Structures are given as structure tokens and as C-alpha cells.
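Student: Protein chains in written order, with my numbering: chain H, 1 to 315; chain B, 1 to 315. Mind having a look at this structure? Questions to follow.
Number of protein chains: 2
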Amino acid sequence: MKDKNKSEKKEQEMGSSSTEVLNGENGASLLNSVDAFLFDCDGVIWKGDKLIDGVSETLQFLRSQGKALVFVTNNSTKSRAQYASKFLSLGISVSQDEIFSSSFAAAMYLKSIQFSPDKKVYVIGGEGIVEELHLAGFTSLGGPDDANKKIELKQNPFFHHDKTVGAVVVGLDQYINFYKLQYATLCIRENPGCLFIATNRDAVGHMTDLQEWPGAGCMVAAVCGTTQKEPVVVGKPSTFMMDFLLKKFNVDTSRMCMVGDRLDTDILFGQSAGCKTLLVLSGVTSLPALQDSANNIVPDYYTDKVSDLLQLLGP
Amino acid sequence: MKDKNKSEKKEQEMGSSSTEVLNGENGASLLNSVDAFLFDCDGVIWKGDKLIDGVSETLQFLRSQGKALVFVTNNSTKSRAQYASKFLSLGISVSQDEIFSSSFAAAMYLKSIQFSPDKKVYVIGGEGIVEELHLAGFTSLGGPDDANKKIELKQNPFFHHDKTVGAVVVGLDQYINFYKLQYATLCIRENPGCLFIATNRDAVGHMTDLQEWPGAGCMVAAVCGTTQKEPVVVGKPSTFMMDFLLKKFNVDTSRMCMVGDRLDTDILFGQSAGCKTLLVLSGVTSLPALQDSANNIVPDYYTDKVSDLLQLLGP
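Below, the structure written as C-alpha cells:
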């Protein structure tokens, strides 16, 4: 019995370390076995506002091969419409229906649980969340409207909050402040049954192409710290968004490939859903981090950047 | 063997639930067995800027009985000198040497590990931390100076940070912002060996007398969320401050009584150090919370407010 456990453990270890660098041979086999490519955006398609070299031609090539393309991003600062505009400004035509942002996921999660439109949603985060909530028929408070709010404790204020707030959605917020943190805290602690929803928990992200900045994981942790509650996470690696993708594209997850730059969100998300996974080293994860013995999230394949798909498999 | 474990477990359970409401009899015995009273401040001595009824007379009574008084507060927004002023403004004369704030503890922690004065300290927090660091001979950055700093990501900035920062101290900061979070994150992630020190991790606190506000636990969690590192905590319930108290007052901890309104900081702090413990219900902890079956931090005694000591035991 002991020996069997030991050998099973060894197989798992070997299994978990079986990543391959992408090449012409395994790349062709990947292309043949997949009907849809799911792409993360930051660090994969672009860094900040700069397109990564060769992305445009690679996406065209994949479309020409009849592959469906889906863009799945944890960055909640934009709505799907705003993402479509960003793609266009970078010279890539992408339909709004091909975009699944965590801002959209937050709104769809509330829909999925039949959250009452009579209740309000308090937002720590950007315009993207607010816009998607409104498109889904919900009323929001906070977000960009509270960016410049200040509190003077010396005036011994009593902080009033709206008792009809039934959910707090927390995402990346570069205008995080004490006012928003107090508002969210009071809603979660004092409004009976108030939900606490996180778009995602990424520790950092490439908000500019030059360096990383605190991600939604920072703001979400702050609200956890003061409420001592844990949120429902709707972005990667939660598979909540996958349900929508499955219904929409009607493609079995085994015939999808998730392409991303993060092990703990993108690759884990793809694996949890049963997709094939391709890590690109153009974003957060470095080769040493992938190969670190402490890492136990291992993609099927890895390569430097998205355009390697074109270079290896293109005409 | 099994039975023995069972009976031991039962004893522990019984032991852990043996709190007593303070009365004339056990109060007199407490008074006789103790040489020093350690008081938390927020929710015990005052709420916001309002003294809790009867505190002044009770402290006078305890002094008249020859008891040493020590004020141990996790609130890092003030220095010891600023606390002494606050006491005085409320009509209570307290010497600076009787005050142990977590702002002071942060500075003393750096002293205790012989942190090089050639390195700088980045502060998320208030004037109290900055002042205590300077009194201890350290150079700080951030704190109130960075309260109004903003970042415009659209301008694709590169965020520079000081490479000589060797420690980040995080405490309660009502002017928390994205700039400070990015600064602290870069120091901890990129400056080799940079320390991450938390004054305390209280989830909420009575910054005004009317309601609770996010505490240092909120800002500390935000930095944990983005750095994915855990801090060294110097305030309660860490017993770091107790070493100073022991050296200063030369009183055995078994002859000290910790008086506080929080189970997870004050009472745990007192118990960890071997003090007697008295919970007052004038602050964060309610009687139902004390008696909740999920609670496993149980004080020796509990009572409504500090002045009950005078009422039960006074002349």
C-alpha cells in the first residue's frame, strides 16, 4: 500500500513537470487538436498600451486556419466595448463578443445568481465594472465617482452608507482611498447578506509597458483585511467565465487552448477547465520562475511570445 | 492513552471557557495580585476624541493604590509625545514613558535588529511612525508626505523608487493611495533584503467615537496582496513590546493585568505574555462575541468599562 502511494506520487511529480518548449512538430499537433484559442491580453497581446511584436499577423493566421479567438482578461478597468476600441486603436479588429473581461464576469455573475436589480452594487474599481453593471441592468455606486473623496476624521464625522447595497464588487482601482474602503467595509459588515465579489486577485499587473503595478489582489486583500471575509472570485483562475465560453462557442474545452503569461491565473484557469495550455514568456512569468522547483503549475507548452505560433506554423 | 488525551482536551476546553464577570470579590483579589495595569486606549480609555466616563477617577484610584500604569496602543497614527498631549487634553496626566504605541514599537524593533541608519524606511502610515523613527535616528520616506501623490497611468510613467530603502513600515493610513502602494511594493519586491514591518493588523478601529473605520489590518493586507509576503508584526498581539515593558518596569508578567476591548489583540497579547486579562465591553467586543462558541480567546475577567474597577473596589 505504501509503495503504491509512493509510485503514484512519483508519477504525479513526473506528470506535473512535463512541459515542452513549443516547436514545429508539437505546434502543428496543437493547432490540429484545437478549435479555439483563448488569449490573456496584458503581457500576451500587449504590455500597457504597446502591442507585442507580431501579434496582429499571428491572430490573422489563426483566423485563416478557422480557429475561434477569445480574449479573456482579468483586467477589469475596461468594459468589453472599451477593450474592442483598444484593440482597434492597436490595429486589430476584434468583436465585442470575442472579449471576456472580469468586469463583464462580475456583471454576469450577478445575473447568474438573479441578484435583484432593486439592490445597488458598490464598486471599488474602474469605469469598466460600472459600465458592464449598467449594461446588465444594475445600479452602481462608487467607482470613479468616489475617486477624490476624502475623510477628515478630526471633524468626527458619521459615515453614512446606502443600506440598499446588496453587493460590493472589488477590482483594480488606481484611485483606491480610505473613503472607498470604509464604504465597502460598512456595506459588507452591516448590510444583511451583502455579497463580496472580486473581479480577480492578481497581485500585480503590467498597467504600463515598463513595469508592474499593484493589481486587483491588492484592493481585494485590503477589503478582506478590514472585513475579515473572503470574496467570490469571478475572473481567472475561477472557472466562472468558462461556463459562458462553453455556451457561446459550443466547443469542448479539450479542443481549446488557453494562452497566457501567468501560471497562477491563466494556466491554472486553462487546466482547471480541461483546456490545453500555452505559457508565453512575454509577460509576468520568467523561464526561471516556470522551472523553479517550488512551482507546481506546469503548462503543456511554453514559448517566448505569441508570434512564435506564426513563425513555427505559418506559411 | 486515548482516554488521557480526551480528558486533557476536556480540561483545556473547560479552562478556556472560565471567564468571570468582575465583581467586588474577584476584583479585590485581582487588585492584590497585580502591580501594574496595562491599558489599551481606543475603546478602553477613549472612543475617538471622547473620554469614556469615569476613566480619569479610576486611573487616579489605581495610582493611589501604588499600581504602575502603562498604556499600550496599536494605533500608530500618533507618537508617544502626541499621545501624552492627547491624554492631557482629556484632563489626564500621563508621562511619555508610560506610553507604548505601535509607532514606537516599529522604531524600537528596527533598533533591536540593529537596522543600519544608512538605510531608509518607507512609511505607509501617519505622523506617529515618522516621528518615532526620527527620534530613534532613522531616515524615513513617504507617510504624510505622499498623501496627495497621484499616478496617471495614461502617461506611461516609469515609477522610480529609492534603492536604499531597507524597510517598509505599514500602519493605519487614512490617506492610503495607489502611489504609496506601488512605492512599498517596489521596495519590498526589488530592494534585496528589504523588511516588511506591520505596526499591527487590527481589522477596524474606533477612529471616531461614533463608529469603526478600517484599521491597519486593511493597509497591511493590501501590501501582502501585492507583494505576496507576510510582515513582521510589532504591535499587539505580538509580544515584541512586552520585552520593553519587562525591562522598564521590572515587574513579572504574572503580576501584570492587561485591560483591553479586543480579544484577538489585547487579550491574546496579555495571555501570550502570561499576564492576567480583563476585557472591557466599551469598545470592539460585545458580550455575544465573547460568548460565541466560535471564540476561543477568553479573558480571566470581563466587565462593562474601566470605571467598574473604581466602583467595585474604590473607597
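Where a beta carbon is used, it is the ideal one built from N, C-alpha and C, also for glycine. Small disclaimer: the values here were computed from a predicted structure and weren't measured.
Using 10 angstroms around the beta-carbon of B/E11, count the other beta-carbons present and answer buried if the total reaches 16, otherwise exposed.
Tutor: To locate residue 11 of chain B, count along the second sequence from 1; it is residue 11. In this prediction, B/E11 has a pLDDT of 35, which is less than 50 and means its spatial position is unreliable; nothing more can be read from the coordinates.
Student: Run through chain H and tell me which residues come within less than 9 Å of B/L51, C-beta to C-beta.
Tutor: Here residue 51 of chain B refers to the residue found at position 51 of the second sequence. None at all; the shortest Cβ gap to chain H is about 14 Å.
Student: Use the C-beta contact count for H/F39: other C-beta atoms within 10 angstroms, 16 or more gives buried, fewer gives exposed.
Tutor: For the purposes of this step, residue 39 of chain H is taken as residue 39 along the first sequence, with counting starting at 1. Burial call: buried.
Student: Between which residues of its own chain and H/T185 is the CB-CB distance below 6 Å, once the five residues before and five after are set aside?
Tutor: To locate residue 185 of chain H, count along the first sequence from 1; it is residue 185. Taken in chain order, the residues that qualify are T226, T227.
Student: Using only the alpha-carbon positions, how far apart do H/D3 and H/Q211 sit?
Tutor: Here residue 3 of chain H is taken as the residue at index 3 of the first sequence, counted from 1. Here residue 211 of chain H is taken as the residue at index 211 of the first sequence, counted from 1. With a pLDDT of only 45 at H/D3, under the threshold of 50, the placement of this residue in the model should not be trusted, and no figure is reported.
Student: Using the rule of at least 16 other Cβ atoms within 10 Å of the residue's Cβ for burial, across every protein chain shown, is B/K9 buried or exposed?
Tutor: The sequence position of residue 9 of chain B within the second sequence is 9, counting from 1. At B/K9, the pLDDT of 41 sits below 50, so the modelled position is not reliable; the number obtained from the coordinates is stated separately. Exposed: under 16 other Cβ atoms inside 10 Å.
Student: Where do the ends of the alpha helix (DSSP H) carrying B/C257 lie?
Tutor: Within the second sequence, the letter at position 257 stands for residue 257 of chain B. Careful: B/C257 lies outside any alpha helix (DSSP H), inside the beta strand (DSSP E) at 256–260.
Student: Who are the near neighbours of B/L310 in its chain, counting only those whose CB is closer than 7 Å to its CB and skipping five residues on each side?
Tutor: Locating residue 310 of chain B in the second sequence gives position 310, counting from the first residue. Around B/L310: G54, E57, T58, F61.
Student: According to DSSP, is H/Y183 helix, strand or coil?
Tutor: Within the first sequence, the letter at position 183 stands for residue 183 of chain H. Three-state DSSP puts H/Y183 in a helix.
Student: Hey, is the segment 165–183 of chain B in contact with the segment 99–113 of chain B, meaning 3+ C-beta pairs nearer than 8 Å?
Tutor: Segments in contact, yes.
Student: Report yes if the C-beta distance between H/P157 and H/F138 is below 7 Å; otherwise report no.
Tutor: Here residue 157 of chain H refers to the residue found at position 157 when the first sequence is read from its first residue. Here residue 138 of chain H refers to the residue found at position 138 when the first sequence is read from its first residue. Not closer than 7 Å, so no.
Student: Hey, could you find the ends of the beta strand (DSSP E) H/F71 is sitting in?
Tutor: As a working mapping, residue 71 of chain H is identified with position 71 in the first sequence. For H/F71, the enclosing beta strand (DSSP E) starts and ends at 68–73.
Student: Which residues, in chain order, does the segment 146–172 of chain H contribute to contact with chain B at a C-beta distance below 7 Å?
Tutor: I151, L153, N156, P157, F158, F159
Student: Checking contacts by CB at 7 Å: is B/Q182 closer than that to chain H?
Tutor: Within the second sequence, residue 182 of chain B is the residue found at index 182, counting from 1. Chain H contact via Cβ: present.
Student: Anything in the segment 78–94 of chain H with a Cβ closer than 7 Å to a Cβ of chain B? List those residues in chain order, please.
Tutor: none
Student: Based on the DSSP secondary-structure assignment, which residues constitute the bridge partners of B/F37?
Tutor: Here residue 37 of chain B corresponds to residue number 37 of the second sequence, with the count starting at 1. For B/F37, the pairing in a beta bridge is given by DSSP as B/L69, B/C257.
Student: Comparing the C-beta of B/I45 with each C-beta of chain H, is any distance below 7 Å?
Tutor: What you label residue 45 of chain B is simply residue 45 of the second sequence in a count that begins at 1. At a cut-off of 7 Å between C-beta atoms, B/I45 does not count as an interface residue with respect to chain H.
Student: Name the chain H residues that come within less than 7 Å of B/T208, Cβ to Cβ?
Tutor: The residue given as residue 208 of chain B occupies position 208 in the second sequence. Those are L153, N156, P157, listed as they occur along chain H.
Student: Would you grab the beta carbon distance between B/P237 and B/D264 for me? Rounded to a whole angstrom, and I think it's under 8 Å.
Tutor: Numbered from 1 along the second sequence, position 237 holds the residue referred to as residue 237 of chain B. Numbered from 1 along the second sequence, position 264 holds the residue referred to as residue 264 of chain B. Right, their Cβ atoms sit about 7 Å apart.
Student: Tell me the residue span of the alpha helix (DSSP H) that contains B/S56.
Tutor: Here residue 56 of chain B corresponds to residue number 56 of the second sequence, with the count starting at 1. Its alpha helix (DSSP H) spans residues 55–64.
Student: Where does B/T227 sit, in a helix, a strand or coil, going by DSSP?
Tutor: Taking the first residue of the second sequence as position 1, residue 227 of chain B is located at position 227. If DSSP states are grouped into helix, strand and coil, B/T227 belongs with the helices.
Student: Cα separation between H/N23 and H/K276?
Tutor: Within the first sequence, residue 23 of chain H is the residue found at index 23, counting from 1. Within the first sequence, residue 276 of chain H is the residue found at index 276, counting from 1. The straight-line gap from Cα to Cα measures roughly 15 Å.
Student: Starting from B/F100, trace the beta strand (DSSP E) in both directions and tell me its first and last residue.
Tutor: What you label residue 100 of chain B is simply residue 100 of the second sequence in a count that begins at 1. Counting along the chain, the unbroken beta strand (DSSP E) around B/F100 starts and ends at 99–101.
Student: Please check if any C-beta of chain B sits within less than 7 Å of the C-beta of H/K6.
Tutor: As a working note, residue 6 of chain H is residue 6 in the first sequence. The predicted position of H/K6 is uncertain, since its pLDDT is 44 and thus under 50; no value can be drawn from it.
Student: Count the CB pairs spanning the segment 142–149 of chain B and the segment 95–103 of chain B that are closer than 8 Å, and state whether there are at least three.
Tutor: no
Student: On the three-state DSSP scale, how would you describe H/T277?
Tutor: Locating residue 277 of chain H in the first sequence gives position 277, counting from the first residue. If DSSP states are grouped into helix, strand and coil, H/T277 belongs with the strands.
Student: Nearest by alpha-carbon distance to H/S64: which of H/L245, H/L31, H/F249 is it?
Tutor: In the first sequence, the residue the question calls residue 64 of chain H occupies position 64. The option with the nearest alpha carbon to H/S64 is H/L31.
Student: The alpha helix (DSSP H) spanning B/S85 covers which residue range?
Tutor: Working through the second sequence from its first residue, we reach residue 85 of chain B at position 85. Note, B/S85: alpha helix (DSSP H), 80–89.
Student: B/Q82 and H/F178: beta carbons closer than 7 Å?
Tutor: Position 82 of the second sequence, counting from 1, holds the residue named residue 82 of chain B. Position 178 of the first sequence, counting from 1, holds the residue named residue 178 of chain H. Taking 7 Å as the Cβ cut-off, B/Q82 and H/F178 do not qualify as a contacting pair.
Student: Between which residues of its own chain and B/A136 is the CB-CB distance below 8 Å, once the five residues before and five after are set aside?
Tutor: Taking the second sequence and counting its residues from 1, the one referred to as residue 136 of chain B is at position 136. A107, M108, L110, K111.
Student: Any chance the segment 247–262 of chain B sits against the segment 252–270 of chain H, with 3 or more Cβ pairs inside 8 Å?
Tutor: no
Student: Quick one: measure Cβ to Cβ for H/Y302 and H/N26, integer angstroms, because I've assumed they're closer than 8 Å.
Tutor: As a position in the first sequence, residue 302 of chain H is number 302, starting the count at 1. As a position in the first sequence, residue 26 of chain H is number 26, starting the count at 1. Actually they do not touch by this definition, with Cβ atoms about 11 Å apart.
Student: I want to see whether chain H comes within less than 7 Å of B/F178, judged by CB atoms only; does it?
Tutor: Your numbering for residue 178 of chain B matches position 178 in the second sequence. Cβ-Cβ to chain H under 7 Å: yes for B/F178.
Student: Is the CB of B/A222 under 7 Å away from at least one CB in chain H?
Tutor: To locate residue 222 of chain B, count along the second sequence from 1; it is residue 222. At least one chain H Cβ lies under 7 Å of B/A222.
Student: On the three-state DSSP scale, how would you describe H/D42?
Tutor: The count along the first sequence starts at 1 and reaches residue 42 of chain H at position 42. It is a strand residue.
Student: Quick check on H/M14: buried or exposed, where buried means 16 or more other Cβ atoms within 10 Å of its Cβ?
Tutor: The residue given as residue 14 of chain H occupies position 14 in the first sequence. For H/M14, the predicted structure reports a pLDDT of 37, less than 50, and the residue's modelled location is therefore unreliable. A value from the coordinates is still provided. That one is exposed.
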